[in-house]
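There are 2 protein chains.
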Amino acid sequence: VLELRRVVRQYEGTPPVRAVDNVDLRIATGELVAIVGPSGSGKSTLLNLIGTLDRPTSGRLFVDGVDTSELSDSALAGLRSARIGFVFQQFHLLSGMTAVENVAAGLLYRGISRTERRKRSTEVLKRVGLGHRLSHLPNKLSGGERQRVAIARALVGDPAIVLADEPTGNLDSKTSNEIVELMHRLHADGSTIVVITHDKELAANLPRQISIRDGKLESDSTNRTP
Amino acid sequence: VLELRRVVRQYEGTPPVRAVDNVDLRIATGELVAIVGPSGSGKSTLLNLIGTLDRPTSGRLFVDGVDTSELSDSALAGLRSARIGFVFQQFHLLSGMTAVENVAAGLLYRGISRTERRKRSTEVLKRVGLGHRLSHLPNKLSGGERQRVAIARALVGDPAIVLADEPTGNLDSKTSNEIVELMHRLHADGSTIVVITHDKELAANLPRQISIRDGKLESDSTNRTP
Ligand SMILES: Nc1ncnc2c1ncn2[C@@H]1O[C@H](COP(=O)(O)OP(=O)(O)OP(=O)(O)O)[C@@H](O)[C@H]1O
Ligand SMILES: Nc1ncnc2c1ncn2[C@@H]1O[C@H](COP(=O)(O)OP(=O)(O)OP(=O)(O)O)[C@@H](O)[C@H]1O
Ligand SMILES: [Mg+2]
Ligand SMILES: [Mg+2]
Numbered sequence: 001v002l003e004l005r006r007v008v009r010q011y012e013g014t015p016p017v018r019a020v021d022n023v024d025l026r027i028a029t030g031e032l033v034a035i036v037g038p039s040g041s042g043k044s045t046l047l048n049l050i051g052t053l054d055r056p057t058s059g060r061l062f063v064d065g066v067d068t069s070e071l072s073d074s075a076l077a078g079l080r081s082a083r084i085g086f087v088f089q090q091f092h093l094l095s096g097m098t099a100v101e102n103v104a105a106g107l108l109y110r111g112i113s114r115t116e117r118r119k120r121s122t123e124v125l126k127r128v129g130l131g132h133r134l135s136h137l138p139n140k141l142s143g144g145e146r147q148r149v150a151i152a153r154a155l156v157g158d159p160a161i162v163l164a165d166e167p168t169g170n171l172d173s174k175t176s177n178e179i180v181e182l183m184h185r186l187h188a189d190g191s192t193i194v195v196i197t198h199d200k201e202l203a204a205n206l207p208r209q210i211s212i213r214d215g216k217l218e219s220d221s222t223n224r225t226p
Numbered sequence: 227v228l229e230l231r232r233v234v235r236q237y238e239g240t241p242p243v244r245a246v247d248n249v250d251l252r253i254a255t256g257e258l259v260a261i262v263g264p265s266g267s268g269k270s271t272l273l274n275l276i277g278t279l280d281r282p283t284s285g286r287l288f289v290d291g292v293d294t295s296e297l298s299d300s301a302l303a304g305l306r307s308a309r310i311g312f313v314f315q316q317f318h319l320l321s322g323m324t325a326v327e328n329v330a331a332g333l334l335y336r337g338i339s340r341t342e343r344r345k346r347s348t349e350v351l352k353r354v355g356l357g358h359r360l361s362h363l364p365n366k367l368s369g370g371e372r373q374r375v376a377i378a379r380a381l382v383g384d385p386a387i388v389l390a391d392e393p394t395g396n397l398d399s400k401t402s403n404e405i406v407e408l409m410h411r412l413h414a415d416g417s418t419i420v421v422i423t424h425d426k427e428l429a430a431n432l433p434r435q436i437s438i439r440d441g442k443l444e445s446d447s448t449n450r451t452p
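Written as structure tokens, this is what we have:
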């Protein structure tokens with residue numbers, strides 16, 4: 001469902017930075033994959049490319065078999081909002097909106113009534129343990145609470161593809177396990193999930209681990225334990 | 227060197243939130259302490275109070291034996307910049323300044339020449355592995371690189387007291403270990419260090435762990451292993 005062919009993402013500068021350096025990668029529908037690697041190795045850049053939030057400097061990205069280089073920005077945005085839920089490493093919540101409003105924003109333009117958006121957003125926020133923080137603005141939330149609002153917003157639309165950039169970095173182990181549980185359940189329901197994580201235990205418990213170093217794929221393994 | 231007596235921090239609202247609920251705490255000079263607890267339990271609020279970035283709703287905070295309620299905001303700011311280095315959970319880098327400029331900002335108002343500020347900032351950035359990113363703006367850095375710039379800025383002035391709010395949340399284990407190594411060395415040189423962390427291994431390896439739940443001190447232990 002996601003395929004990268006010889007993808008390069010280079011940032012200009014002195015010197016230029018090759019954040020993703022000639023990556024070939026295929027992720028099949030319904031896979032659950034961890035992306036690991038040192039800080040600065042290109043993981044977020046890679047996930048942004050996979051999520052069509054960024055375009056390659058060279059190479060091709062195919063989503064659902066469609067060559068994204070042939071899509072306009074608006075067509076790409078349409079594909080993205082219909083199919084992909086993205087959890088950002090830096091959350092990117094809207095500061096003027098409450099937790100529930102931030103999550104509900106993930107459901108706009110789908111013909112869902114405001115009442116129904118509110119209802120679903122409340123449910124997802126309760127699933128991530130924030131039922132008591134629905135009307136808090138982001139600056140009135142803890143770091144881990146903001147992270148969970150970002151997760152809720154990515155999941156509220158039941159996306160076919162979930163891309164999560166270090167979703168448990170600000171969470172204690174109990175809360176983190178609950179989020180991982182949630183991801184496993186979405187996966188069991190058919191979602192394709194790609195998670196960047198620095199948590200070795202989390203990564204080891206997923207069926208496939210891809211490791212990145214200096215913008216290149218270093219290893220790509222599959223757990224053989226059942 | 228740091229003492230809290232019956233400290234409360236309550237946020238107004240419907241309902242009000244008692245983020246720190248009647249905490250008594252003493253941290254002696256030269257201690258190395260971990261603060262752990264669930265997401266939303268009050269750790270960052272507690273650290274901000276300890277670091278004089280916030281004032282209690284009631285109760286007293288003493289820094290170096292001085293009752294902070296008797297200091298004006300500017301006197302407090304002076305005490306803080308002379309004695310305390312703070313690593314924020316959300317980094318708070320200045321977006322228009324490069325990595326080295328952000329760190330150098332931690333040395334202003336000390337009569338240090340610009341050349342010397344630049345030199346020291348470059349050194350600290352190299353110590354956290356960012357020698358190759360000195361002139362990058364924050365939006366041209368990865369999440370873990372921004373975290374390390376925040377760490378470098380907190381440490382560049384050799385503060386007597388280091389308060390770090392989840393300093394390794396965005397780092398892979400190798401880089402994280404390097405940061406922890408650095409903290410142990412500062413501690414060996416006499417700094418008082420308080421670290422909020424969700425990393426159980428990191429916390430277990432510090433001489434003292436304080437755990438917080440719902441704004442209250444739940445436990446306060448000291449490692450007996452040498
Ligand atoms: N300005 C505010 N107004 C109301 N409530 C707030 C405000 N700031 C924080 N809170 C609440 O106070 C509680 C404690 O927040 P704090 O940031 O100290 O938690 P934390 O232990 O650092 O959590 P985390 O591990 O997620 O970073 C949270 O439940 C949060 O929602
Ligand atoms: N706009 C930019 N211009 C120049 N270099 C950039 C830019 N954005 C990112 N980089 C560099 O590209 C490299 C890869 O960044 P990326 O955010 O993908 O790393 P990462 O693996 O997600 O790291 P982390 O684990 O710290 O989040 C980093 O070394 C970073 O400094
Ligand atoms: Mg990243
Ligand atoms: Mg916090």
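Chains A and B, in that order, are what the protein sequence lines are.
Those letters in the first sequence? Residues 1 to 226, by this note's numbering.
Those letters in the second sequence? Residues 227 to 452, by this note's numbering.
Cβ atoms here follow ideal geometry from the backbone N, Cα and C, with glycine treated the same way.
- Residue 441 of chain B and residue 262 of chain B have their alpha carbons spaced roughly 12 Å apart.
- Looking at the DSSP output, residue 213 of chain A shares a beta bridge with A:216.
- Residue contact check for residue 277 of chain B against chain A: no CB pair falls below 8 Å.
- Interface residue (Cβ-Cβ distance to chain B less than 8 Å): residue 220 of chain A is not classified as such.
- Taking the C-beta atoms as reference points, residue 149 of chain A is found nearer than 8 Å to residue 99 of chain A.
- Boundaries around residue 122 of chain A are those of the alpha helix (DSSP H), 114-127, since no beta strand (DSSP E) includes it.
- Contact annotation, residue 404 of chain B with residue 423 of chain B: C-beta distance approximately 15 Å; criterion of less than 8 Å not satisfied.
- Going by beta carbons, residue 131 of chain A and residue 137 of chain A fall outside the 8 Å limit.
- One finds 39, 40 in chain A with Cβ atoms closer than 8 Å to the Cβ of residue 371 of chain B, taken in chain order.
- Counting of Cβ neighbours within 10 angstroms places residue 108 of chain A among the exposed residues, the total staying below 16.
- Taking a contact as a CB-CB distance under 8 Å, the pair residue 233 of chain B and residue 249 of chain B counts as one, their CB atoms being some 5 Å apart.
- The C-beta separation of residue 191 of chain A from residue 156 of chain A comes to about 13 Å, leaving the pair out of contact by the 8 Å criterion.
- For the region 391-406 of chain B, the set of residues with a beta-carbon nearer than 9 Å to any beta-carbon of chain A comprises 391, 392, 394, 395, 396, 397, 398, 399, 400, 401, 402, in chain order.
- Residue contact check for residue 187 of chain A against chain B: no CB pair falls below 8 Å.
- Per the coordinates, the alpha-carbon of residue 421 of chain B lies some 10 Å from the alpha-carbon of residue 312 of chain B.
- Collapsing the DSSP output to three states places residue 291 of chain B in coil.
- Residue environment analysis places residue 111 of chain A among the exposed positions, since fewer than 16 neighbouring C-beta atoms fall within 10 angstroms of its C-beta.
- For residue 248 of chain B, the uninterrupted beta strand (DSSP E) segment begins and ends at 243-253.
- Residue state for residue 153 of chain A is assigned as helix, using DSSP reduced to three classes.
- DSSP places residue 79 of chain A in the helix class (H, G or I) of the three-state scheme.
- For the pair residue 208 of chain A and residue 218 of chain A, the Cα-to-Cα distance works out to about 14 Å.
- Within the region 71-104 of chain A, 89, 90 place their CB atoms closer than 7 Å to a CB of chain B, listed in sequence order.
- Across the structure, residue 353 of chain B and residue 332 of chain B are spaced so that their CA atoms are roughly 16 Å apart.
- Interface flag for residue 437 of chain B against chain A is unset, since no Cβ pair is found closer than 8 Å.
- When rounded, the separation of the alpha-carbon atoms in residue 439 of chain B and residue 171 of chain A is 14 Å.
- In the DSSP assignment, residue 229 of chain B falls within the unbroken beta strand (DSSP E) covering 228-237.
- For residue 163 of chain A, the enclosing beta strand (DSSP E) begins and ends at 161-165.
- Secondary structure at residue 324 of chain B: coil, using DSSP grouped into helix, strand and coil.
- In this structure, DSSP gives residue 144 of chain A a helical state, which the three-state scheme calls helix.
- Within its own chain, the residues whose Cβ lies closer than 6 Å to the Cβ of residue 272 of chain B, once the five positions on either side in sequence are excluded, are 246, listed in chain order.
- In the three-state scheme derived from DSSP, where H, G and I count as helix and E and B as strand, residue 363 of chain B is classed as coil.
- For residue 442 of chain B, the closest Cβ of chain A is not nearer than 8 Å.
- The beta carbon of residue 126 of chain A sits no closer than 8 Å to any beta carbon of chain B.
- Residue 402 of chain B is bridged by DSSP to nothing; it lacks a bridge partner.
- Pairing residue 33 of chain A with residue 210 of chain A, the inter-Cα distance amounts to about 7 Å.
- Residue 267 of chain B carries a coil assignment under DSSP once its states are collapsed to helix, strand and coil.
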